[in-house]
Every structure is written in C-alpha cells, then in structure tokens.
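Enquirer:
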Amino acid sequence: MIEARVLYPTAASASARTFAENPAFYGFKAVENATPAGSQLPVYILVHGTSGSWKNLSWLGSYLAEQGALVVSANHPDYTTGQATPERVLRMWEQPRDVSFLIDEILSGKYAQYVDKKDITVIGYSLGGYTALALAGARFDIAGYQNYCSQHRDISCHFYKNAFESLSPEDHSMISGDYSDERVMKSVAIAPGYVPAVIPNALTGLSADTVIVGAELDKTIPPQLQIKPYIGENINNLHYQEVAGASHFSFMQNCKPQAIAILEEEDAAFVCEEAENVDRRSLHQSLIEIVEQL
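If you read the sequence shown in the numbering used here, its first letter stands for residue 347, the second for the next number, and so on.
#1: Go ahead and pull the three-state DSSP assignment for L387.
#2: If you follow the beta strand (DSSP E) that K602 is in, where does it begin and where does it stop?
#3: For the beta strand (DSSP E) containing G470, list its first residue and its last residue.
#4: Quick one: using the 10 Å Cβ neighbour count with 16 as the cut-off for buried, is K565 buried or exposed?
#5: Could you round the C-beta distance between V589 and A561 to whole angstroms and report it? I think they count as a contact, below 8 Å.
#6: Helix, strand or coil: how does DSSP classify G475 here?
#7: Below 8 Å, can you find three or more Cβ-Cβ pairs linking the stretch 567-578 to the stretch 528-546?
#8: Is there at least one non-hydrogen atom of the ligand NAD closer than 7 Å to the beta-carbon of A376?
#9: With respect to the beta strand (DSSP E) encompassing D555, which residues constitute its N-terminal and C-terminal limits?
#10: Count the other CB atoms within 10 Å of the CB of I466; is the residue buried (16 or more) or exposed (fewer)?
#11: Cα-Cα, which of Y354, K375, R627 is closest to S596?
#12: Can you tell me where the beta strand (DSSP E) with A420 in it begins and where it stops?
#13: Work out the CA separation of A358 and T381 for me, nearest whole Å.
#14: Cα-Cα, which of N379, I558, S632 is closest to S472?
#15: With distances taken from CA atoms, which of C503, D555, A370 is nearest V435?
#16: Assuming the contact rule is C-beta atoms closer than 8 Å, V468 and V530 should be a hit. Round their C-beta distance to whole Å, please.
#17: Exposed or buried, what is N421 when buried is set at 16 or more other beta-carbons lying within 10 Å of its beta-carbon?
#18: If you draw a straight line from the alpha carbon of G475 to that of A482, how long is it in whole angstroms?
#19: Where V617 and P442 are concerned, what is the direct C-alpha to C-alpha distance, given to the nearest angstrom?
#20: Below 6 Å CB to CB, which residues in the same chain sit around A642 once its five sequence neighbours on both sides are set aside?
#21: Along the alpha helix (DSSP H) that carries E611, what are the first and last residues, could you check?
#22: Tell me which residue opens and which closes the alpha helix (DSSP H) that R434 is part of.
#23: Let me make sure I understand the geometry here. Which of I636, K507, R437 has the alpha-carbon closest to that of D424?
#24: Mind reading off the beta-carbon distance from A605 to A366? Whole number of angstroms is fine, and I expect it under 8 Å.
#25: Measuring CA to CA, which of V445, C601, I567 is closest to D500?
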C-alpha cells in the first residue's frame, strides 16, 4: 500500500489546518477533502529521497497547488523514514514503479476529470532524482556506481559500502530494467542519486524534457564528482542547472529556529544546517524558478 497526499487548488472557504509540521519543520495550510477548482490542471508527482517522506517536498507541493496544479506526493515503501536500509535502497526500481502506479490512479480515479493528462511532471529529490531520470527513460547499471565508489569516499558511497555484495544477478537485471513512462512529459531530478550508474548514451533518447539540478555545496552527492562527469553536453531534452550555495538537504522543508537543537539529539542537525549567510527560502525560490522554466 502506498500512502499518498493529493494537493490542488480549491474554492472551498472552510477553515484550513496545518499539515506536515512538527517542532523542527514548518508545514503548510490546506482545507481537507475540499473539491478541486478548475479543470485541465497540470499534474506534478513529487518523489522523496532515502529515509524521506511525502513531507520533505511539501513546501514545493503546496506552492504548486496554489499556482493551479494537482500535486501527488507519497511515502514509498522500503525507502521511507524508518524503513530505508542500504540493501533496500540499492533495490531502487520499485520507486519508479510506484510513480507509474500513482499516475494510473490519478488518470483513472476521481481526479481524472480535473487534470490535463498530457501535462505530467515528475520532480524527484536524491533517490527520487534517480526515479525522475528512470521515468524519463534513463537506464542504469549499478556496476558503474560501484566502480565510482571504489574511487571516491563521499557520504553516499559510505552509506552503501557493505551493501553491493548483497545484490543477486536478478537484482542487477532489475536495476538495469526499463522504467520509462511516456506519460511523463517533464522530469526534474534534484541532487539525483546513482548518476554514475547511468549506462553510456542512455541519456541521449530521453522521452521527457529533463533538467538535473545540482547543489553547489552538496557533500552527499557532489555534483562535480557524481553528476557533471556523467551527463555530457548538448543532449536533447536534458539540461543541467546548479543552485549556488545549496547543500544536499537544502531542498527539504524550511526549518524552525529551534530545529538544529532538536535534530542534534538525533545526530541529524545537518538536515537544517546551511552555509554561512545562506537562507533556505532563497534556495527554494531558485528551485521554483528552475521548475517553472522547464
């Protein structure tokens, strides 16, 4: 079962309540179970990263809904908070399958009458960035990523250091499968995982207009090591943009003033730490501009 949230514009005047908020992170306000307003709404599917949840990109989802889109964001089993292990996350192919299932549900269910079936965008962050690329037609061979990690010691490689040997021949075959979905017209891969595993020339025939977004100061997925050397130049349907001053976690929710103190108790203060004089809201605005330009 996939737990999902659907956000959309509404004319309902009922009292809004706050969602996706906790002592560390700001949430957003919405009217629950309201009737969608409008028709031919563009569809956005937001996809979280390793150990994440639907809440991580809720700041972006609520903004897009306010601008007139229908937005779907889910918790992806085995990859979400409390479930993700290196062994599970290396078996990443279920996440793009989840997204195709969500698209099936939107286009055949109660929201179908409100959406433009030819205007579907996937926005994925970190592991979700891999998913955005896979749905656009990218193909992967995990041996490429394993080779990268034999030469580099960045944070993502440290996470997987003892997990590669757990992969069976069947797992390798599944990782290299075709998970493209031609209903996806646009794809945004934010600090995407597994780019070193992209099969050579697999980005030259993408079925969706695609932008890869790197974070300049990302130590988990350093763009100068894990992204730029593998994506080439002058590829149809593929563009690269970089958000100056951003770290890997800059694209998550906005943090409250007490967030770092709270997260320090879980050894997770890094989720809310930004470079000196960098405001996360300004980084979010940079990402919004990239999404809206696609």
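Every residue gets a Cβ at the ideal spot worked out from N, C-alpha and C, and that includes glycine.
Because the structure is a prediction, the values reported are computed rather than measured.
Expert: Judging by the given coordinates:
#1: In the structure shown, L387 sits in a strand (DSSP, three-state: E or B).
#2: No beta strand (DSSP E) holds K602; DSSP gives it neither H nor E.
#3: Secondary structure note for G470: its beta strand (DSSP E) is the uninterrupted segment 461-471.
#4: By the neighbour-count criterion, in which a residue is buried when 16 or more other Cβ atoms sit within 10 angstroms of its Cβ, K565 is exposed.
#5: Yes, they are in contact, since the Cβ atoms of V589 and A561 sit about 6 Å apart, within 8 Å.
#6: In the three-state reduction of the DSSP assignment, G475 falls in the helix class.
#7: When Cβ pairs closer than 8 Å are counted between the two stretches, the stretch 567-578 is seen to touch the stretch 528-546, the count reaching three or more.
#8: Ligands are entirely absent from the displayed structure, and the ligand NAD is therefore not among its contents.
#9: Taken as a continuous stretch (DSSP letters only), the beta strand (DSSP E) holding D555 covers 555-561.
#10: Counting the other CB atoms within 10 Å of its CB gives I466 a total of 16 or more, which places it among the buried residues.
#11: The residue from Y354, K375, R627 with its alpha-carbon nearest to that of S596 is R627.
#12: Counting along the chain, the beta strand (DSSP E) containing A420 begins and ends at 416-421.
#13: Looking at the two C-alpha atoms, the distance is approximately 7 Å.
#14: Closest by C-alpha distance to S472, out of N379, I558, S632, is I558.
#15: If we check each option's Cα against that of V435, C503 comes out closest.
#16: Contact between V468 and V530 holds, since their C-beta atoms are separated by about 5 Å, short of 8 Å.
#17: By the 10 Å Cβ count, N421 comes out buried.
#18: If I take the Cα positions, the gap works out to 11 Å.
#19: Looking at the two C-alpha atoms, the distance is approximately 25 Å.
#20: A question about residue 642 goes unanswered here, because the residues of the chain that appear run from 347 up to 640.
#21: Element bounds for E611: n/a, residue is neither H nor E.
#22: If you look at R434, you'll find it in the alpha helix (DSSP H) that goes 432-436.
#23: Nearest of I636, K507, R437 to D424, Cα basis: R437.
#24: At roughly 14 Å, the Cβ-Cβ gap does not stay under 8 Å, so A605 and A366 are not in contact.
#25: Answer by Cα proximity: I567.
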